[in-house]
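So the protein lines, in turn, are chains W and V. Residues 42 to 57 in this note's numbering are what the first sequence lists, from first letter to last. Residues 321 to 568 in this note's numbering are what the second sequence lists, from first letter to last. The beta carbon of each residue, even a glycine, is placed where N, CA and C say it ideally should be. What you are looking at is a predicted structure, and each value in this text was computed from that prediction instead of being measured. What follows is a set of notes on a single structure, which appears directly below.
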Amino acid sequence: KEKHKILHQLLQNSTS
Amino acid sequence: SPTATTAAHDHLAQIISKSHLETCQYLREELQEMSCFLQEEVEKFQNKPQEAMWQLCAVKITDAIQYVVEFAKRIDGFMNLCQNDQIVLLKAGSLEVILVRMCRVFDPQNNTVYFDGKFAGPDVFKSLGCDDLIASVFDFAKSMCSLHLEEEEIALFSASVLLSADRSWLRDKLQVERLQQKTESALQHVLQKNHRDDGLFEKLRTKVSALRSLCALHSQKLSAFRAVYPDTVRTLFPPLYKELFAAD
């Protein structure tokens, strides 16, 4: 959801 | 079979410990070298305007949360949850995990916590204008320290806090419950293996309600602050902090 854009992004980034 | 269960618990404990250590932000050894703030440095924090100190703390909390998100992603099964539930768990639990992790960067001898480069006592946070919240957070860290948890135990306890199945708005409560139960069994197994006293698991359970009160108090303080300084929050606070704690 738009409301949690950054959290979404962090979750989707591959684990570094 | 009992052997298979023990092996499964050991395996889960190992994975979660590894994830915890990879994402814990500070190693205990590196903090041993750090000193306390000098009186003049304490005064510099105390003389900061309230907004500036709030902003600094929001930035520090946000930094720590990014490590918690990384921890969550490495917990077995977390990424198999639907994204709604991943977000619900992180939104409700990331600050709780930070508070649990705080016992690793807390020195109970002189009641200080690692903050912005050195160890800081409660007086450093005076300009926030939330003495009661700060005192409660320090008390909590002190009581967590008194349990003398090992890293593996902190790791499993953090994971079980994050995987709380009683959070509102979960879509698949049952799946979260299964993950939480597995984590708690592994924690109990590790406590037994480490020959901990029988009451420790129950003591950790009582910490869960303390964590919830602390987070509620944080939300309350943030709302009060935002009512006075809406523009500071809107323009200067990290976007992730606002997503998690200051949603309209």
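Span separating the alpha-carbon of Leu-469 of chain V from that of Ile-395 of chain V: 20 Å
Inter-stretch contact (C-beta, 8 Å, three-pair minimum) for the region 475-487 of chain V and the region 449-461 of chain V: Flag = no, the region 475-487 of chain V and the region 449-461 of chain V do not touch.
Anticipated Cβ contact below 8 Å, Leu-564 of chain V with Arg-487 of chain V, distance rounded: Their Cβ separation, rounded to whole angstroms, is 13 Å, which puts Leu-564 of chain V and Arg-487 of chain V out of contact at 8 Å.
Assumed close pair Cys-356 of chain V, Lys-438 of chain V - CB separation to whole angstroms, cut-off 8 Å: 6 Å
Cys-344 of chain V, buried or exposed, once every other Cβ within 10 Å from all chains shown has been counted against 16: buried
Beta-carbon proximity check, Cys-465 of chain V vs Pro-428 of chain V, cutoff 8 Å: yes
Proximal residues to Leu-524 of chain V (C-beta, below 8 Å), its chain only, five neighbours per side dropped: Leu-467, Phe-477 and Leu-507
Contacts around Arg-491 of chain V, its chain only, beta-carbon distance under 7 Å, and the 5 residues preceding and following it disregarded: Cys-402, Asn-404 and Asp-405
Identified DSSP bridge partners for Val-553 of chain V: Paired residue(s): none; Val-553 of chain V is not in a bridge.
Closer than 8 Å to chain W by CB, Val-553 of chain V: Not closer than 8 Å to any Cβ of chain W, the Cβ of Val-553 of chain V fails to qualify, so no.
Given Ala-328 of chain V as reference, the closest of V:Leu-499, V:Lys-541, V:Ala-530 and V:Asp-551 once Cα atoms are compared: Taking each of V:Leu-499, V:Lys-541, V:Ala-530 and V:Asp-551 in turn and checking the Cα distance to Ala-328 of chain V, the smallest one comes out for V:Leu-499.
Three-state class that DSSP yields for Thr-432 of chain V in the structure shown: strand
Touch test, the region 338-354 of chain V against the region 512-526 of chain V, Cβ-Cβ under 8 Å, three pairs minimum: no
Three-state secondary structure (DSSP) of Ala-440 of chain V: If DSSP states are grouped into helix, strand and coil, Ala-440 of chain V belongs with the strands.
Contact set between Gln-386 of chain V and chain W, taken where Cβ atoms lie within less than 8 Å: Under the 8 Å cutoff, chain W gives Leu-51.
Sequence ranges, alpha helix (DSSP H) only - wholly within the region 471-511 of chain V, length at least 4: Uninterrupted alpha helix (DSSP H) stretches at least 4 residues long and entirely within the region 471-511 of chain V occur at 471-482, given in chain order.
Residue burial classification, Glu-43 of chain W (beta-carbon count within 10 angstroms, cutoff 16): exposed
Residues of the region 401-422 of chain V with Cβ closer than 7 Å to any Cβ of chain W, in chain order: Gln-403, Gln-406, Ile-407 and Leu-410
Contact belief for Pro-550 of chain V with Thr-382 of chain V at Cβ below 8 Å, rounded distance in angstroms: Pro-550 of chain V to Thr-382 of chain V, Cβ: 19 Å. No contact.
Span separating the alpha-carbon of Lys-46 of chain W from that of Thr-323 of chain V: 44 Å
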